[in-house]
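Visitor: Residue numbers (our numbering): 280 to 730.
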């Protein structure tokens, strides 16, 4: 059955490899079950309802990706977009969370139309191959930077970022950072020894070491500082809470808005979601050798459609924009090549509803080593960039540089596209620039001016 549906042999994989890849992707994404409720609850939504909506939206997105596109890409409510939802739309602008959900729902519908009419596919194909490789490297650096932060190895300082002081707050920050380093070494050694499931083993090993540290008093709970128990507990979880958010995007009694603000908010969601998703697809597909010689991805339309459907479904359930996760690269690194990997990830999200305390207990310092190591795997694409062709290499460099430093995949793509058009136009190589690249460059410039 799996062979016929997912073409495992054709993609040089098997059920075991896909299962391990799906589990690994889930383990690196499981933090969203804790982080998304934490952020969106600032808008006034119920935390338990958000957690359930997050899990269901992720399940729907993963299943759609698997059945429509047969790719190992997993989806979940995206970071950054949820912060914009809670802190800008519902915070600074003062709108209700029902209003924000309606904006997300309409954004999803627009994306469905754009996906069916080949607009998003055309944008994906219009980005030059060298720039796509820069995107892949940039995402690798971005993912690694997220891992360093999640482990508290890199912290805020007078120099913007600095290495953590292991001795200060050793029983919380310090021990977590140390365990993350140990976890990274475990993954690296197992990977070098070609042991299957090395990333997943590293995550679990780091978590188990954390539990041992908690039981022995080396790791100490400090809820106010964000250091929780590493041992699962089922207290205070209400599985029926989804009723509090389901369908609330259609609750017009709670929705009162200015039409101009509404359009701006939808455009903001659209812009960030579109290019975050495109960037993730480029980066992960490049790592999995799924791009053809022209840098195109077959079944891209289906992949984008799955992403769009998940966004609207997530809004109905009660969560912010659902998007393709860059953490999918961890599953790809474990050999995931088909939608069966996404099926496994999706069902684990569904299972997480009933075992939420287990998955939300996995600390960020346990998943951080996986992200740091995936960054290493993705940065290898830099060797494929032709540095002898400067008009191609410089935009790729600017793109990969800006992703981690601007903390945004879409910002990196924006800088890459604008610089590509400007440099090639000024250097007399306008014939290389497609009409759509001109359009994208102008749109990005307008975005910086008006959004």
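Built from N, CA and C at the ideal position, the CB exists for glycine as well.
Keep in mind the model is a prediction, meaning the values are calculated, not measured.
Please say whether residue 637 and residue 714 have beta carbons closer to each other than 7 Å?
Guide: In this structure, residue 637 does not lie closer than 7 Å to residue 714 by Cβ.
Visitor: By the three-class DSSP mapping on this structure, what secondary structure does residue 443 have?
Guide: In the structure shown, residue 443 sits in coil (DSSP, three-state: anything other than H, G, I, E or B).
Visitor: Tell me whether the segment 426 to 440 and the segment 644 to 655 touch, counting them as touching only if at least three CB pairs, one residue from each stretch, are closer than 8 Å.
Guide: Yes, the segment 426 to 440 is in contact with the segment 644 to 655.
Visitor: Touching or not, the segment 661 to 681 and the segment 377 to 386, by the rule of three or more beta carbon pairs under 8 Å?
Guide: Contact fails: fewer than three Cβ-Cβ distances are below 8 Å.
Visitor: If I follow the unbroken beta strand (DSSP E) through residue 354, where does it start and stop?
Guide: Segment 354 to 356, the beta strand (DSSP E) holding residue 354.
Visitor: Would you mind sorting residue 337 into buried or exposed? The rule is 16 or more other CB atoms within 10 Å of its CB.
Guide: By the neighbour-count rule (16 or more Cβ atoms within 10 Å), residue 337 is buried.
Visitor: Work out the CA separation of residue 688 and residue 617 for me, nearest whole Å.
Guide: Each residue's alpha carbon lies about 24 Å from the other.
Visitor: Let's test the definition: count the other Cβ atoms within 10 Å of the Cβ of residue 529 and tell me whether it reaches 16, buried, or not, exposed.
Guide: Exposed is the call here.
Visitor: Hey, how far is the Cα of residue 352 from the Cα of residue 345?
Guide: Residue 352 and residue 345: Cα-Cα distance of roughly 8 Å.
Visitor: Is it the case that the Cβ atoms of residue 590 and residue 387 are separated by a distance below 7 Å?
Guide: It is a contact, given that the beta carbons lie within the stated cut-off.
Visitor: Alpha carbon to alpha carbon, how far is residue 318 from residue 300? Give it in angstroms, no decimals.
Guide: Residue 300 and residue 318: Cα-Cα distance of roughly 28 Å.
Visitor: So is residue 334 buried or exposed if we call it buried at 16+ other beta carbons inside 10 Å?
Guide: Buried, because 16 or more other Cβ atoms sit within 10 Å of the Cβ of residue 334.
Visitor: Could you compute how far the alpha carbon of residue 365 sits from the alpha carbon of residue 358?
Guide: When rounded, the distance between both Cα atoms is 11 Å.
Visitor: Between the C-alpha atoms of residue 635 and residue 305, what's the straight-line distance to the nearest angstrom?
Guide: For residue 635 and residue 305, the distance between alpha carbons rounds to 13 Å.
Visitor: Touching or not, the segment 576 to 590 and the segment 282 to 295, by the rule of three or more beta carbon pairs under 8 Å?
Guide: The segment 576 to 590, when compared against the segment 282 to 295, does not touch it at the 8 Å Cβ threshold.
Visitor: Can you say whether residue 716 is buried or exposed, counting buried as having 16 or more other CB atoms within 10 angstroms of its CB?
Guide: Buried, because 16 or more other Cβ atoms sit within 10 Å of the Cβ of residue 716.
Visitor: Give the straight-line distance between the Cα atoms of residue 518 and residue 630, rounded to the nearest whole angstrom.
Guide: Going from the Cα of residue 518 to the Cα of residue 630 covers about 12 Å.
Visitor: Report the CB separation of residue 526 from residue 440 in whole angstroms; it is logged as a contact under 8 Å.
Guide: About 42 Å separates the two Cβ atoms, so there is no contact after all.
Visitor: Ignoring anything shorter than 4 residues, give me the alpha helix (DSSP H) runs that lie fully in the segment 573 to 624, in order along the chain.
Guide: As far as the segment 573 to 624 is concerned, its whole alpha helix (DSSP H) runs of at least 4 residues are 579 to 596, 607 to 612.
Visitor: Using DSSP with H/G/I as helix, E/B as strand and the rest coil, what is residue 479?
Guide: In this structure, residue 479 counts as helix in the three-state DSSP scheme.
Visitor: How about residue 611 and residue 566: do their beta carbons lie closer than 7 Å?
Guide: Yes, the Cβ-Cβ distance between residue 611 and residue 566 is below 7 Å.
Visitor: Who are the near neighbours of residue 711 in its chain, counting only those whose CB is closer than 8 Å to its CB and skipping five residues on each side?
Guide: The answer, listed in chain order, is 407, 670, 703.
Visitor: Under the DSSP definition of a beta bridge, which residues are partnered with residue 506?
Guide: Looking at the DSSP assignment, residue 506 forms a beta bridge with 501.
Visitor: So if DSSP puts residue 434 in a beta bridge, which residue, or which two residues, is it bridged to?
Guide: Beta-bridge pairing links residue 434 to 441.
Visitor: Which residue's Cα is closest to the Cα of residue 507: 451, 691, 477, 599?
Guide: When each option's Cα is compared against that of residue 507, the closest is 451.
Visitor: For residue 303 versus residue 609, is the C-beta distance shorter than 7 Å?
Guide: Yes, Cβ-Cβ distance for residue 303 and residue 609 is below 7 Å.
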